[in-house]
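Here's the structure we're looking at; comments come further down.
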Amino acid sequence: MPATSMDELVSLCKRRGFIFPGSDIYGGLQGTYDYGPLGIELKNNLKAAWWRAMVYERDDVEGLDASILTHRLVLRHSGHEATFTDPMVDCRNCKSRWRADQLKDNKCEKCGSTDLTEPRPFNLMFKTAVGPIAEEGSFAYLRPETAQGIFTNFKNVVDATSRRLPFGIAQIGKAFRNEITPRNFIFRVREFEQMELEFFVQPGTDDEWHSQWVEARLQWWRDQGLLSENLQAYHQAGDELAHYAKATVDILYQFPHGLEELEGIANRTDFDLGSHTRGQADLGLSAKVDPNEDSTAKLTIPHPETQKPLVPFVIEPSAGVDRGVLAILTEAFTKETLENGSERIVLKLKPHLAPIKVAVLPLARNKPEIVEKAKAIKSLLMATGIGRIFYEDTGNIGKGYRRHDEVGTPFCVTVDFDTLGRGDDASLLDTVTVRDRDTMSQVRIHINELASYIRERLV
Ligand code: ATP
212 MPATSMDELV
222 SLCKRRGFIF
232 PGSDIYGGLQ
242 GTYDYGPLGI
252 ELKNNLKAAW
262 WRAMVYERDD
272 VEGLDASILT
282 HRLVLRHSGH
292 EATFTDPMVD
302 CRNCKSRWRA
312 DQLKDNKCEK
322 CGSTDLTEPR
332 PFNLMFKTAV
342 GPIAEEGSFA
352 YLRPETAQGI
362 FTNFKNVVDA
372 TSRRLPFGIA
382 QIGKAFRNEI
392 TPRNFIFRVR
402 EFEQMELEFF
412 VQPGTDDEWH
422 SQWVEARLQW
432 WRDQGLLSEN
442 LQAYHQAGDE
452 LAHYAKATVD
462 ILYQFPHGLE
472 ELEGIANRTD
482 FDLGSHTRGQ
492 ADLGLSAKVD
502 PNEDSTAKLT
512 IPHPETQKPL
522 VPFVIEPSAG
532 VDRGVLAILT
542 EAFTKETLEN
552 GSERIVLKLK
562 PHLAPIKVAV
572 LPLARNKPEI
582 VEKAKAIKSL
592 LMATGIGRIF
602 YEDTGNIGKG
612 YRRHDEVGTP
622 FCVTVDFDTL
632 GRGDDASLLD
642 TVTVRDRDTM
652 SQVRIHINEL
662 ASYIRERLV
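Heads up, the sequence shown is in the numbering used here, so the first residue is 212 and it goes up one at a time.
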């Protein structure tokens, strides 16, 4: 059974070192979270799985890592200065502020008053001073989405790679939004990471590509362990669409706090490349205003048939890394009652996402031969390149198993006196016990077969 309560997840994450509140020792900074020793591994594994699927396994996508600090004009011409807002209301009674479209029955969530101001638009972008003199106009924005860095580098990438339509540019990185009411753990935060692909296509083929990407993305989330029954594709209605979108399909997931957006797949048409081209023309950086008429216009690519300059349409699958981590933790969290009546918490993570792939546990930490053997086994497993192998000599095997169940380690390998040939059965020399996280079954395996046994089950 997946986690049904956010509190259980928050508590596991803190206890085992996945996720901590940001600036915790000073009382926390709302809307920020820090990833701990295991959280960073899980997050990196999720990002690596996305990069593999979106860049390495395809022949039509390139990668990019653009800067977070963004020129004001980029976000003016993208439409974010004018329209990247949420409706905000003030409670006249207790002076708290809320996002109007998230309030139930138009009531203040703190004091229950209905005496609220009229909603007014609140821009979600963070500004920061650039350079040593903070004067009016010397500011830049922290990007509110990674996408704009892709659009502004469109021509650079096309020129450097000679790509032709259809092709995409993928990016993973931080984005910042001054959310009015951050909430639900890492679901809605002010600093988060996105995994975004901008896939450029010929106008007219955009609807077909949009449907294909929705299917591909749903399948990818299933491959990360999310069950179909907890996923839903939601087609946004016209009045819900962002300023740049012709159509958007949200992938919703059944989070502990409700069915909510995990990823959005938008048809952004030629909105962004078109507006940046016009933006440059306005500034005299390119000769003419209509990009499709102008061979010197910047953000174009040859039409696949006519070879005339064309501003392509773009399909954008945009997923939140943090929401992905939350969904995966929710799905993997399992509470089981064992035969002896005790309770076991186990994170049934897909092996490729598990922070630790194998824990190597010496039965006794004060026996140098066992410690040495265990360390040699760690090295042997490391050489397979399957990810993090954890050597842990706390000496208490039972506790070690429970701890590794809770953090989702697929296998524990125990080294004991039999491994050294010192037990009753001499035939056990150079064998170890391998315990499986999900079934809790234990098998005795010769060290020579260990790497292939584990690799077969992990990869
Ligand atoms: P919402 O409607 O929940 O505010 P959005 O539609 O504004 O989200 P997009 O602009 O489509 O979100 O951003 C793409 C993805 O980035 C989202 O699907 C989500 O996974 C992630 N994301 C957006 N805002 C946040 C946030 N404040 N905290 C964490 N992740 C976010």
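All residues carry an ideal CB built from backbone N, CA and C; glycine is no exception.
In this structure, E292 has its CB at a distance of at least 7 angstroms from all heavy atoms of the ligand ATP. Scanning I665, A637, K318 for the CA closest to the CA of L327 turns up K318. For F229, DSSP records no beta bridge to any residue. According to the DSSP secondary-structure assignment, Y352 is paired through a beta bridge with T281, K338. Contact between the segment 534-545 and the segment 582-601 is absent: fewer than three C-beta pairs spanning the two stretches fall below 8 angstroms. The residues F622, in chain order, have a CB closer than 7 angstroms to that of D647 in the same chain once the five nearest residues on each side in sequence are set aside.
I597 carries a coil assignment under DSSP once its states are collapsed to helix, strand and coil. Look at Y267 here: in three-state DSSP terms it is helix.
For C302, the pairing in a beta bridge is given by DSSP as L327. With a contact defined as Cβ atoms closer than 8 angstroms, E404 and V266 miss out at about 16 angstroms. Just so you know, the alpha carbons of N304 and E390 end up roughly 22 angstroms apart. Look at the beta carbons and you see the segment 285-301 not touching the segment 395-403: under three pairs across the two are nearer than 8 angstroms.
Annotation: P523 to S349 spans about 33 angstroms, alpha carbon to alpha carbon. Relative to the ligand ATP, G250 has its C-beta separated by 7 angstroms or more from all heavy atoms. Taking V643 as reference, the option from I462, T650, G632, D649 with the minimal CA-CA separation is G632. A direct Cα-to-Cα measurement between M217 and P467 gives close to 6 angstroms. The alpha-carbon of L223 is positioned some 20 angstroms away from that of F601.
Restricting attention to T339, T548, S439, the CA atom closest to the CA of T281 is found in T339.
The secondary-structure analysis by DSSP pairs R394 across a beta bridge with R399.
Counted as a single uninterrupted DSSP element, the beta strand (DSSP E) harbouring F378 occupies residues 378-387. If you draw a 10 Å sphere on the C-beta of P562, you find 16 or more other C-beta atoms in it, and that means buried.
From the listed residues G436, M406, L572, I380, the smallest Cα separation to E474 is found for M406. Excluding sequence positions up to five before and after G436, its CB lies within less than 8 angstroms of the CB of I539, E542, A543, K559, L560, K561, L564, all in the same chain and listed in chain order. With distances taken between CA atoms, R489 lies nearest to K509 out of T625, A448, K509.
Distance from the CA atom of V368 to the CA atom of T517, rounded to whole angstroms, is 21 angstroms. Within its own chain, the residues whose Cβ lies closer than 6 angstroms to the Cβ of W420, once the five positions on either side in sequence are excluded, are V412, I526, listed in chain order.
In the structure shown, D629 adopts coil according to DSSP, grouped into three states. Only buried fits Y246, as 16 or more other CB atoms lie within 10 angstroms of its CB. At least one heavy atom of the ligand ATP is found less than 7 angstroms from the C-beta of S529. Rounded to whole angstroms, the Cβ separation of L484 and F362 is 6 angstroms, and the two are in contact under 8 angstroms. In the DSSP assignment, T644 falls within the beta strand (DSSP E) that extends over 642-647. Under DSSP, F411 shares a beta bridge with F378, V525.
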